[in-house]
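In the working numbering, the protein residues as written are 475 to 736.
And the structure:
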């Protein structure tokens with residue numbers, strides 16, 4: 475009976491806390507050069523423990539419900555993630571044609587992409603006043619177009635522990651920028667990705683000229699979009715096995731980067 479009373483008392487005490495614990499979605503806006511950007515900060519408030527902060531750039535559809543859901547899955551209780559808008563709040567593609575139009579100015583102006591990525595990193599840091607972000611442990615992850623963007627953040631010399639690219643574009647406007655990389659760089663692409671793998675050799679040569687600790691992982695039988703659960707076309711297809719492996723590799727890479735270990 476005494477044990478039952480204690481258990482009941484514990485539930486009364488902890489119940490309200492558990493009821494309020496939830497995945498937080500906080501809108502984060504900023505304006506740069508006349509364009510207002512609207513991103514979403516995602517984290518689990520079940521604990522107040524500080525944890526690494528990640529800038530996450532979604533695929534070329536940008537910030538939408540699917541991107542936020544993916545951020546929730548990755549964040550869990552281990553990261554605070556800023557799902558980053560690189561287009562501006564008025565640009566939310568819903569088709570491939572619209573997404574191509576949205577990304578074109580950034581692919582054509584890579585300094586602008588790097589500027590916007592560094593602004594996103596600054597905005598993530600600014601959230602530490604309210605969100606449980608460990609400012610000594612910062613990184614960036616990106617998917618497809620977002621993979622290109624986080625690699626450009628690394629090339630800008632940003633002070634982050636790591637960047638991780640999933641089925642991202644590998645090209646650069648200036649291979650010499652790789653000499654500025656401070657982050658540990660993990661890149662994961664499908665062996666049968668017809669859009670990105672043609673640039674793999676040039677990318678690896680670029681990385682050989684950098685001081686970075688880098689790794690290029692080729693996932694067998696995977697094509698483009700292997701982490702995108704809603705993609706099922708022949709050249710852009712979700713692959714549950716490749717996705718699961720890539721997430722495990724990401725967590726391991728980030729853990730070691732934050733710990734400063736091999």
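Glycine residues also receive a C-beta, built at the ideal position from the N, C-alpha and C atoms.
Check                                                                                                    : Outcome
Continuous beta strand (DSSP E) assignments of at least 3 residues falling wholly in the stretch 575-658 : 607-617, 636-640
For residue 728, three-class secondary structure by DSSP                                                 : helix
Rounded distance between the beta-carbons of residue 629 and residue 655, thought under 8 Å              : 6 Å
Three CB pairs or more closer than 8 Å across the stretch 630-644 and the stretch 728-735                : yes
DSSP state of residue 524 mapped onto helix, strand, coil                                                : coil
CA-to-CA distance, residue 514 to residue 704, given in whole angstroms                                  : 21 Å
When 708, 671, 589 are compared against residue 627, the one with the closest alpha-carbon               : 589
Residue 525 at chain D interface by Cβ criterion, 8 Å                                                    : Of the protein chains in this structure there is only one, and it is not chain D.
Option nearest residue 643 by Cα separation, candidates 663, 560, 653, 632                               : 663
Buried versus exposed, by CB contacts within 10 Å (16 or more), residue 584                              : buried
Contacting residues, own chain, Cβ-Cβ under 7 Å from residue 523 (five flanking each side not counted)   : 606
Cβ contact (3+ pairs, closer than 8 Å) linking the stretch 671-686 and the stretch 710-729               : no
Complete alpha helix (DSSP H) runs within the stretch 502-555 (minimum length 4 residues, chain order)   : 539-549
Among 545, 557, 682, 499, nearest to residue 511 - alpha-carbon criterion                                : 557
Residue 580 burial status per 10 Å Cβ neighbour count (16 or more: buried)                               : buried
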